[in-house]
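Protein chains in written order, with this note's numbering: chain A, 1473 to 1912; chain B, 4 to 147.
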């Protein structure tokens, strides 16, 4: 299933924008970049001083390359400016906030104006129509609804194209299967690890997706996965799987998406200006080289971000695509940028677990999360020396308490291993908290 | 009645932990009188009655062990049929519930001590002191 069906007509949601010539696209980008810089210069002190320090006057920008004079915006900048520091419009003009934990555990806040929500839904609409989903389809959204952008942004876009949306959220696999059967779900939005888990449950129940379900395609993202995993999932379900890329800092999903040719993800360049840099030196790399993706938002009101370092490793593919879209593609994400992981279809940040553990008396600082399978999470916890009283019942109670509290936070029941203090390796600087033994 | 302290060590259930503890005791000239190991859910507690409990505690702590001292009752009994029954009758009569127990045999077929952990040790000691029982005394076991 690597090429679109022969009789497939290529559909567009916004054909003029999606097939715009490269020249026109670049002029449009320059215009939007100027607008964005003008907007942040006037409204965000953080960016005003950055522009002034670089002696960059938005009015006098002549080329897209001028942006290289500005420093990068990092995850740390978002955390330091939490909650309102990077907001570019009055608080009254924002209608939604999403937050995302950073690698250091401090939150980042991302604001959406009404227009931002419209535009993010519109980009999803492009992605869905591009891959054949529209009116008459039923999309079962198995991403986490909540502070995580994944589910909501997709939800709005799917409604926009006229699909019936089932806001299933993750987990509760039996119910997912009933929903898929009862409503004849044709498309799912799902993480790769949950898709694999779902396939194993279907198999156990003797349900043959090809015969018993109506499923045609899956939109998969939120965690990096290999081409082999895609092929495996396509085979197990008898469907097409399309790779989806997004990040909360840039609206969530819909930043880049595969077309039916499944050869890299078209990144919507009329909304995002992309660069690839050497993650060590920050040097901008030539097109086609692999490095860290840096994105400048070009069409956001509430919280534009300039040269945001995504931490995701990819490369730009600029050869023409047979689908007719002129927006360049990025390759499958090669590096795990973020610490987020998924168990039983639920997005989990190590920081959530850390927060719970650190709030429990009797638990020492060091812990480790071990992912052995798609549905099992083991947390190794060092007990606190001072609270040990020789009573095994107290330890069993502590173990049960940790299990219950972590479960309440992440919605997945962990297996808790109590360890002696000093057992886990202590690394310099950032500890390796998550040991992922799964192969995907 | 001597205050009899047992050394409790937290340990993950993995090979080599007892080896390390006993090596430290061997090096320090600490004699182990009785040992009990409880293990559940991947971890365990090793309980030891030793002749020099303070030194044992200090050395284990220095070596990074998670260790604590707690008081146990050490009641003498005959090491022959009916010995434990005599003692347990007295415990039962006084409504003393055993949380954990193990045995130190001093002279095989002659004398042993029943080591027990109870919820309220002070109360248990008070009650049992009125009974016709003999208790463990450290001076008898100090190595010269």
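Idealized CB from N, CA, C, for every residue including glycine.
Assigned secondary structure, residue 130 of chain B (DSSP; H/G/I helix, E/B strand, else coil): helix
Measuring straight from C-alpha to C-alpha, what distance separates residue 168 of chain B and residue 1859 of chain A? Chain B is shown only over 4 to 147; residue 168 of chain B falls outside these bounds and no answer can be derived.
Anyone know if the C-beta pair for residue 1802 of chain A and residue 1786 of chain A falls short of 8 Å? yes
Chain A beta carbons: is any one of them nearer than 8 Å to that of residue 97 of chain B? no
In chain order, each beta strand (DSSP E) run of at least 3 residues that lies wholly inside the segment 1679-1712 of chain A: 1689-1692
Element boundaries [beta strand (DSSP E), containing residue 114 of chain B]: 114-120
Are the C-beta atoms of residue 1913 of chain A and some chain B residue less than 8 Å apart? Nothing about residue 1913 of chain A can be reported from this structure: the residues present for chain A run from 1473 to 1912 only.
At a Cβ cut of 7 Å, what residues of the segment 21-49 of chain B count as close to chain A, listed as they run along the chain? 41, 43, 44, 45, 46 and 48
To the nearest angstrom, report how far apart residue 1822 of chain A and residue 1813 of chain A are at their CA atoms. 8 Å
Three-state secondary structure assigned by DSSP to residue 1867 of chain A: helix
Starting from the C-beta of residue 116 of chain B, find all residues in its chain whose C-beta is less than 6 Å away, skip the five residues before and the five after it, and write them out in chain order. 77, 79, 107 and 139
Straight-line gap, residue 28 of chain B to residue 1866 of chain A (C-alpha atoms, nearest Å): 27 Å
Compare the Cα-Cα distances from residue 1879 of chain A to each of A/1655, A/1815 and A/1720 and report the closest residue. A/1815
Note down, in chain order, each residue of its chain lying with its Cβ closer than 7 Å to the Cβ of residue 1513 of chain A, except the 5 sequence neighbours on either side. 1519, 1520, 1523 and 1530
Use the C-beta contact count for residue 1556 of chain A: other C-beta atoms within 10 angstroms, 16 or more gives buried, fewer gives exposed. exposed
Cα-Cα, which of B/31, B/30 and B/69 is closest to residue 1834 of chain A? B/69
Name the residue from A/1684, A/1561, A/1551 and A/1909 whose alpha carbon lies nearest to the alpha carbon of residue 1585 of chain A. A/1561
Would you tell me roughly how many angstroms separate the C-alpha atoms of residue 32 of chain B and residue 73 of chain B, rounded to the nearest one? 21 Å
Residues within the segment 72-97 of chain B neighbouring chain A, beta-carbon criterion of under 9 Å: 72 and 73
Status (buried if at least 16 other CB within 10 Å, exposed otherwise) for residue 21 of chain B: exposed
Beta-carbon proximity check, residue 1669 of chain A vs residue 1642 of chain A, cutoff 8 Å: no
Taking just the CA atoms, how far does residue 57 of chain B sit from residue 1854 of chain A? 25 Å
CB of residue 1692 of chain A within 8 Å of CB of residue 1716 of chain A, strictly: yes
Excluding sequence positions up to five away, which residues of its chain have a Cβ less than 6 Å from the Cβ of residue 1574 of chain A? For residue 1574 of chain A, the pLDDT reaches just 48, beneath the cut-off of 50, and the residue's location in the model is therefore unreliable, although a value from the coordinates is still provided. Around residue 1574 of chain A: 1547, 1551 and 1580.
Tell me whether residue 88 of chain B is buried or exposed, calling it buried when 16 or more other Cβ atoms sit within 10 Å of its Cβ. exposed
Nearest candidate by alpha-carbon position, reference residue 1705 of chain A, set A/1689, A/1720, A/1718 and A/1694: A/1689
Closest to residue 150 of chain B by CA distance: which of B/66, B/93, B/15 and B/50 is it? Chain B is shown from 4 up to 147; residue 150 of chain B falls before or after that span and cannot be answered.
Using DSSP bridges, identify the partner residues of residue 1839 of chain A. A/1853
Output yes if chain B places a C-beta closer than 8 Å to the C-beta of residue 1575 of chain A; else output no. Low per-residue confidence applies at residue 1575 of chain A: pLDDT is 47, beneath 50, and the placement is therefore not dependable, though the value from the model is reported in the following sentence. Residue 1575 of chain A does not count as touching chain B.
Verify the CB distance criterion: does residue 1857 of chain A have a CB-CB separation below 8 Å to chain B? yes
Spatial distance of residue 1648 of chain A from residue 1640 of chain A (CA atoms): 7 Å
Are the C-beta of residue 19 of chain B and some C-beta of chain A separated by less than 8 Å? no
Put residue 101 of chain B into one of helix, strand or coil per three-state DSSP. coil
For residue 1891 of chain A, the nearest candidate out of A/1845, A/1760 and A/1838 (CA to CA): A/1838
Between the beta-carbon of residue 1695 of chain A and the beta-carbon of residue 1780 of chain A, is there less than 8 Å? no
If we define contact as Cβ-Cβ less than 8 Å, is residue 132 of chain B a contact residue for chain A? no
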